[in-house]
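Residue numbers (my numbering): 1 to 180.
For glycine and all other residues, C-beta sits at the position ideal for the given N, C-alpha and C.
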């Protein structure tokens with residue numbers, strides 16, 4: 001029963017993340033004077049292909065090992081991680097992230113870094129502390145951060161698991177969003 005509750009929490013979080021991401025995506029037209037998206041103070045950042053897609057669900061364990069979306073095929077305990085940037089429309093954003101493990105790990109955690117696009121480079125705007133739990137298969141953290149409107153922001157999240165003397169970690173780069 002406890003396992004089913006954890007799975008239900010993960011499904012609910014995944015659905016909430018999808019809804020929040022859909023509502024956070026900007027669809028503004030370009031400003032004719034600058035060529036930038038309406039309200040943007042810089043051109044958009046380049047897309048590298050390393051950004052997470054809308055959402056990454058936890059990997060599925062099978063007899064043949066971990067299936068796609070895991071950080072590293074050799075990982076035993078770190079299953080997956082994701083992050084989400086939500087525009088709260090009042091000069092603040094909510095940055096959140098979650099880490100998933102294949103077992104009830106001794107330590108599981110996530111750290112979130114909010115980055116701002118300057119027009120030529122990503123710079124760290126805010127770094128959260130570590131959100132840590134013990135003996136869990138899932139842990140999430142969230143922080144509300146004040147931002148300057150008109151810039152593109154993204155989250156880079158650091159996910160880790162420490163279990164039975166094995167430390168595994170990975171990073172997830174979120175998709176960027178213009179925050180107006």
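ask   = When DSSP builds the beta bridges, which residues end up paired with residue 144?
value = 94
key: Under the three-state DSSP convention, the category residue 173 falls into   = strand
ask   = Roughly how many angstroms lie between the CA atoms of residue 64 and residue 84, to the nearest whole one?
value = With a pLDDT of only 42 at residue 64, under the threshold of 50, the placement of this residue in the model should not be trusted, and no figure is reported.
Proximity to residue 95 [Cα-Cα], best of 45, 146, 169 and 138 = 146
key: Rounded C-alpha distance that separates residue 157 from residue 81   = 8 Å
task = Flag this pair as yes or no: are the beta carbons of residue 152 and residue 112 separated by less than 7 Å?
result = no
query = How long is the line joining the alpha carbons of residue 45 and residue 118, rounded to whole angstroms?
reply = 9 Å
ask   = Within this structure, are the beta carbons of residue 109 and residue 77 separated by less than 7 Å?
value = no
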